[in-house]
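Input: a single structure, listed below in structure tokens.
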Amino acid sequence: MKNWTRAAVAAILTSIAVPAAAEECIAPANPGGGWDFTCRQIGRIMTDLGVASGLVQVTNLAGAGGGVAYSQVVNERNDDPDVFIAASSATTTRLAQNAFGGATADQVRWVGTIGGDPGVIVVAADSEFETLPDLIEAIKADPSSVAFAGGSAVGGFDHLKVLMTLDKAGFTDIRKVKYIGVDGGADAITQTVGGFAQAMTGDLSEITGFIKSGDVRPIAVLSEERVEGFEDVPTAKEQGIDIVAMNWRGIYVPKGISDEDYQKWVDALKQVGESEEWQKVMTENGLAPYSIYGDEFETFVADNIAQTQKISKDIGLLQ
Amino acid sequence: MEILSNLAMGFSIAATPYTLLLAVIGCFVGTIIGALPGLGPANGVALLIPISFSMGLDAIPALVLLTSVYYGAMYGGRISSILLNIPGDEPAMMTTLDGYPMAKQGKAGEALVVSGVASFVGAFIATIGLMVFAPYLARVAFKFGPAEYFALYLLAFCTLGGIGSNNQAKAAMAAAIGLGIAMIGLDKTTGMPRFTFGELHLQDGVDFLVAIVGLFAVAEVFFFIETHGKNSAIGVKLGKILVPWRMLKQTTGAMLRGTGIGFVAGVLPGAGASLGSFLAYTAEKSAARDKSQFGKGDPRGVAAPEAGNNAAAGGALVPMLTLGVPGSGTTAVLLALLLTLNITPGPLLFTERPEVVWSLIAALLIANIVLLLMNVPMVKVFVHILSVPAWVLLPGVTMVAFVGIYSLTGSSFDMLMMVGFGVLGYIMRKLEIPTVPVILGILLGNAMEDNLRRAMVLSDGDWTFLFSSPIATGLWIAAVLGFVAPVFLRRFLKKPPMPETEPKVGD
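So the sequence lines, in the order shown, correspond to chains A and B. Numbering-wise (full-length UniProt numbering), the first sequence opens with residue 1 and increments by one. Numbering-wise (full-length UniProt numbering), the second sequence opens with residue 1 and increments by one.
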């Protein structure tokens, strides 16, 4: 009996080991989050398309909102041509706010983004606010009358969506804007439906169920155009506020690899982004098309960081 | 009657020979994972997700396997709590308080059976509660805002005196240490890091699993080395296991009360299983007429928290399925699993994918019965894993502790921190300071602070906001009563004075 149970323990411990593979994707978070999703889907499609030499191994390296993975890539794997790392708006937001222990965006090479989760502003079903301008007018009249709930901490991407929107609408006293950061979009929804917060910002994919069930009412989607499946939700642009906030899903690679290797990753990502499989994954998961590759993406990241830094300074998060 | 026909549908999908086999495997693996210190339900489920994918399982078999592991780990956590004085996972922490003293008195078998049955009662009733009330209970979460959550956590801290049975001041100090540790990390309300000294690994704060494994398992190893195993927890002998019917009858009330409290704590997304088992224990202690045996091996002190934490595990599925809000680390991992299977939990899940929901519920009921059979008549199998000679077990515990912690984040930093907690735990044990309040401080302190700060943001710093709803006020009254009542009751009842050398927790 004893040997038998010990064998069972041994079996469990050995089954954790995963066979080695050439390409590796680092998800800088625990299984289940957006980065893990990016790694697993891109990895799977790369294997199916034959872009990768075999199975793409996914390594979860959580910590400091991606900072642990970032510093490991910069310091220890700077010339590894076989590794790519999942990234999103959260990565660049934290880089801009110097939250990765002094690391900067130019210490890696940005490959591209192949999809985006459109930002959305919702209110409770019985809210008095009908449109985005309604909400903004109310804030302009009395900033303390509206509290936003979001799934990220203060200074995180959900908070920035609110601030950028108000900034574009000409409201400059953004330190007065009330925002509470809770654990994830669904939690923020419960606070809004419960009436503790008056509006909620998040990613569209997190809250589609609540929109369809009628618990909340979206008043603006922060994308270039209306999103497929949510054609009746107007964009902020249509309502006169020129703001696009997409939580993009993309990857970066180490700085020290050769230009050919970098180009290889750009081409591979492009193939994934243009594949039918990825289109299917996007519709199933509430993502909208949003693709930028190569040098263009490097510029996009730099602009993005500059903009985040400006707002972070305005709210006193950055000196 | 709609429930019954839905349930029949669930069973028809979930109860095939193949899925039943998966349920048995899941329960067995889960119990082992739960029993091993450092590997909790969250790690267990996270580790098995890739395996279930590589086995090519469909949505329903995968769910059956992983929920069996989840429930199995909740059952298994108590085994090492009772036999080794090391909680297998964080909700099993409260079970050490009375379970281990029982084992010391040669009643390990009774403790295991009582706790096993309590686990079953808690989990089974909670699953039925999930089945019947889930759509209504989802609405409860909407009633809890920052002020209500703050009052709830305050209630937990006010009843903290219930655990440090010998010296209230030492328990309070331990809780303060825990609260201090909880300050480390990114402050959600300002986005600023606190006490991280520029160290990236500290930005997410101190993981309470690191603290638990350090304070309990590693400290136990140090203690064992010092005493050459004489006074250590490791190596408790287990006699023949009989079903102690009288003891079960005596603890029925404790189990049912624990179930009720645990389920409610589980349903609230911000609370979770640890709070459930904690409140179940302190409530049971304050409700008991004769408290003198609590902390020294009272079977009610085993039954209540075990029923509580298993009921909370079932309750935590309510907000996860109906709102997509995970109430605990494990439900967060299960949520991730559902999303990868293209099942989006949320208000529409019960109407859009009834086959998933009902087969999940059927799977939970099956898992529970399998687990009752495994954990009562067959508990010796698991005990054998833990009752190997000390020279095998001790390196084993150490190894599992390190592997478990490494698997959390994949960084050696956490392992060093765990050793640091081990040293702290050893010192505290020498000074006879209980370690459980440290963990509660870490676990609840963060959430309590976040909610207080959110409440202050919402109300522009107006303190009266904290009492602004009937729920919040009710919780405040309960908290004040919980804090003050023992002081007065003690005088009224003329309780005999505390003996000078009362055995400390874990002795």
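Backbone N, C-alpha and C define an ideal beta-carbon position, used for all residues, glycine too.
Relative to the alpha-carbon of residue i, which residue among the options has its alpha-carbon at the smallest distance?
| i | options | result |
| --- | --- | --- |
| LYS140(A) | VAL154(A), PHE230(A) and LEU163(A) | LEU163(A) |
| residue 321(A) | LYS212(A), VAL244(A), GLY209(A) and GLU206(A) | Within the shown structure, residues of chain A are numbered from 1 to 319, placing residue 321(A) beyond reach of any answer. |
| ALA169(B) | GLU432(B), LEU440(B) and LEU443(B) | GLU432(B) |
| TRP463(B) | LEU452(B), ILE471(B) and PRO470(B) | LEU452(B) |
| ILE184(B) | LEU200(B), MET173(B), ILE177(B) and VAL206(B) | VAL206(B) |
| CYS27(B) | ILE3(B), LEU48(B), THR435(B) and PHE197(B) | LEU48(B) |
| VAL281(A) | VAL370(B), LYS249(B), VAL267(B) and LEU339(B) | LEU339(B) |
| ALA149(A) | PHE157(A), ASP134(A), GLN198(A) and GLY33(A) | GLN198(A) |
| LEU65(B) | GLU449(B), GLY30(B) and VAL438(B) | GLY30(B) |
| ALA126(B) | VAL400(B), ALA316(B) and LEU7(B) | ALA316(B) |
| ARG217(A) | VAL233(A), GLU206(A) and ASP203(A) | VAL233(A) |
| VAL218(B) | MET415(B), SER459(B), ASN6(B) and PHE467(B) | MET415(B) |
| PRO437(B) | ALA311(B), THR330(B), MET374(B) and PHE278(B) | PHE278(B) |
| VAL140(B) | PHE263(B), MET255(B) and GLY420(B) | PHE263(B) |
| residue 509(B) | ALA23(B), GLY44(B), ILE25(B) and VAL24(B) | Look at the range of chain B in this structure, 1 to 507, and you will see that residue 509(B) is not part of it. |
| GLU199(B) | ARG454(B), MET417(B) and ILE471(B) | MET417(B) |
| LEU242(B) | VAL113(B), LEU364(B), MET131(B) and ALA362(B) | VAL113(B) |
| SER469(B) | PRO91(B), LYS249(B) and PHE150(B) | PHE150(B) |
| LYS176(A) | ALA186(A), SER205(A) and HIS159(A) | HIS159(A) |
| ALA211(B) | ILE477(B), MET456(B), VAL383(B) and VAL423(B) | VAL423(B) |
Would you check whether the ligand HEM has a heavy atom nearer than 8 Å to the C-beta of residue i?
| i | result |
| --- | --- |
| GLY273(A) | In the structure on display, the ligand HEM does not appear, and there are no ligands present to speak of. |
Using a C-beta to C-beta distance shorter than 9 Å, which residues of chain A count as neighbours of residue i?
| i | result |
| --- | --- |
| SER68(B) | Simply none; closest approach about 14 Å. |
Who pairs with residue i in a beta bridge, going by DSSP?
| i | result |
| --- | --- |
| VAL216(A) | ALA124(A) |
| PRO118(A) | MET246(A) |
| TRP110(A) | TYR252(A) |
| LYS178(A) | ALA147(A) |
| TYR293(A) | GLY112(A) |
| MET200(A) | VAL122(A) and ALA149(A) |
| ILE26(A) | THR59(A) and ILE85(A) |
Rounded C-beta distance between residue i and residue j? I'm assuming under 8 Å.
| i | j | result |
| --- | --- | --- |
| VAL73(A) | VAL108(A) | 6 Å |
| ALA447(B) | THR322(B) | That belief does not hold up - the Cβ atoms of ALA447(B) and THR322(B) are roughly 21 Å apart, past 8 Å. |
| PRO305(B) | GLY258(B) | 7 Å |
| LEU215(B) | GLY441(B) | The Cβ separation is near 12 Å, so there is no contact. |
| ALA182(B) | GLY445(B) | 3 Å |
| GLY308(B) | GLY122(B) | 6 Å |
| ILE82(B) | SER119(B) | Actually they are not in contact, since the Cβ atoms of ILE82(B) and SER119(B) sit about 12 Å apart, beyond 8 Å. |
| LEU49(A) | SER275(A) | 6 Å |
| GLY346(B) | PHE210(A) | 6 Å |
| PHE171(A) | ILE136(A) | 7 Å |
For residue i, which residues in chain A fall below 7 Å Cβ to Cβ?
| i | result |
| --- | --- |
| GLY145(B) | GLN191, GLY194 and PHE196 |
| GLN250(B) | Neighbours of GLN250(B) on chain A: none; closest Cβ ~32 Å, over 7 Å. |
Kindly list, in the order they appear in chain B, the residues whose Cβ is closer than 7 Å to that of residue i.
| i | result |
| --- | --- |
| LEU317(A) | GLY191 |
| VAL68(A) | LEU200, HIS201 and SER411 |
| GLU296(A) | Ordered by position in chain B, no residue passes the 7 Å Cβ test against GLU296(A), which lies about 30 Å from the chain. |
| ALA125(A) | Within 7 Å Cβ-Cβ: nothing; ALA125(A) doesn't reach chain B, min ~11 Å. |
| GLY101(A) | GLY198 and LEU200 |
Which chain B residues sit within Cβ distance under 9 Å of residue i?
| i | result |
| --- | --- |
| GLU276(A) | Neighbours of GLU276(A) on chain B: none; closest Cβ ~17 Å, over 9 Å. |
| LYS178(A) | VAL457, LEU458 and ASP460 |
| GLY181(A) | LYS188, THR189, GLY191, ASP450 and ARG454 |
| GLU284(A) | ASN342 |
| GLY65(A) | LEU186, GLN203 and ASP204 |
Residues of the stretch 176-200 of chain B with Cβ closer than 7 Å to any Cβ of chain A, in chain order: LEU186, LYS188, THR189, THR190, GLY191, GLY198 and LEU200
Residues of the stretch 206-234 of chain A whose Cβ lies closer than 9 Å to any Cβ of chain B, in chain order: GLU206, ILE207, THR208, GLY209, PHE210, LYS212, SER213, GLY214 and ASP215
Against chain A: residues of the stretch 340-368 of chain B by CB proximity under 8 Å: THR340, ASN342, THR344, PRO345, GLY346, PRO347, LEU348 and LEU349
Residues, ordered as in the chain, of the stretch 137-156 of chain A that lie near chain B by beta-carbon distance below 8 Å: SER144, ALA147, ALA153, VAL154, GLY155 and GLY156
Residues, ordered as in the chain, of the stretch 239-257 of chain A that lie near chain B by beta-carbon distance below 7 Å: none
Residues of the stretch 448-465 of chain B whose Cβ lies closer than 7 Å to any Cβ of chain A, in chain order: ARG454, VAL457, LEU458 and ASP460
Interface residues of the stretch 73-105 of chain B facing chain A [CB-CB below 8 Å]: none
Residues from the stretch 299-331 of chain B in contact with chain A, defined by Cβ distance under 7 Å: LEU323, GLY324 and VAL325
Interface residues of the stretch 72-89 of chain A facing chain B [CB-CB below 7 Å]: none
Residues within the stretch 128-143 of chain B neighbouring chain A, beta-carbon criterion of under 7 Å: ALA141, PHE142 and LYS143
Cβ-based contacts, 7 Å cut-off: residues of the stretch 203-224 of chain B near chain A: GLN203 and ASP204
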